[in-house]
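Participant: Residue numbers (the UniProt record's numbering): 1 to 133.
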Amino acid sequence: MEGKSADDSNTIECINDKVKLIESRDNGLTSKIDKLSNSLDRIVDSLPAPPPRFNYTYIPRDYVRLHDTMGVHLLEFATTMDKYMFPDERHLKLEDRDPAKVKWFYDLLCHRRKMGVGPERTRQLKDVRRRLN
Numbered sequence: 001m002e003g004k005s006a007d008d009s010n011t012i013e014c015i016n017d018k019v020k021l022i023e024s025r026d027n028g029l030t031s032k033i034d035k036l037s038n039s040l041d042r043i044v045d046s047l048p049a050p051p052p053r054f055n056y057t058y059i060p061r062d063y064v065r066l067h068d069t070m071g072v073h074l075l076e077f078a079t080t081m082d083k084y085m086f087p088d089e090r091h092l093k094l095e096d097r098d099p100a101k102v103k104w105f106y107d108l109l110c111h112r113r114k115m116g117v118g119p120e121r122t123r124q125l126k127d128v129r130r131r132l133n
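What follows is the structure, encoded as C-alpha cells:
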C-alpha cells in the first residue's frame, strides 16, 4: 500500500508541476496577447476617419453611376457630367461658372475615380479643365 501511496504522491506532484508550467506559459502568452491587442488598438485609433458620404447635390447618383463605367476615360466621364450639370454654361470657362458648383464637380470626379492627393491628381484635374474650357 505504501508503494501505491508514494506513486500517487509522485503522480500528484508531477501533475502539479505540469499545471504550474502550463500556467507560467499561459501568463507569458496572455501578456503577449495583451501587448498585441494594445498595439492594434493604437493602430486603429491612428487611422484616419472614413471619408464622409458623398452628397450627390447637382447630379443624381443613378445618372452618375450609369455613366461611370470601367471603360470610360476620365475626360469622357467629365465631359458627360459637364453636359448634364452645366447645360446652359458650357460656353463659359470653368473659372467663370458658379465656384461652388465647379468645386462640387471636381469633388465628384475625385470621389468617383478615387483620386488621391498630390501631383497625379493635379495633373488629371488640369487635363479636365483643359478639355472643358
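For glycine and all other residues, C-beta sits at the position ideal for the given N, C-alpha and C.
1) Which word fits M81, buried or exposed, when buried means at least 16 other C-beta atoms lie within 10 angstroms of its C-beta?
2) Compute the minimum distance between the beta carbon of E89 and the heavy atoms of the ligand ZN, and state whether it is under 8 Å.
3) Could you compute how far the alpha carbon of R61 sits from the alpha carbon of K32?
4) Quick one: grab the DSSP three-state call for Y63.
5) CB V128 to CB L75, shorter than 9 Å?
Facilitator: Quick answer:
1) The residue you call residue 81 lines up with position 81 of the sequence shown. By the neighbour-count rule (16 or more Cβ atoms within 10 Å), M81 is buried.
2) Looking at this structure, you won't find the ligand ZN or any other ligand, since it has none at all.
3) Taking the first residue of the sequence shown as position 1, residue 61 is located at position 61. Taking the first residue of the sequence shown as position 1, residue 32 is located at position 32. Rounded to the nearest angstrom, the gap between the Cα atoms of R61 and K32 is 48 Å.
4) The count along the sequence shown starts at 1 and reaches residue 63 at position 63. Helix at Y63.
5) Walking along the sequence shown from the start, residue 128 turns up at place 128. Walking along the sequence shown from the start, residue 75 turns up at place 75. Taking 9 Å as the cut-off, the Cβ atoms of V128 and L75 count as close.
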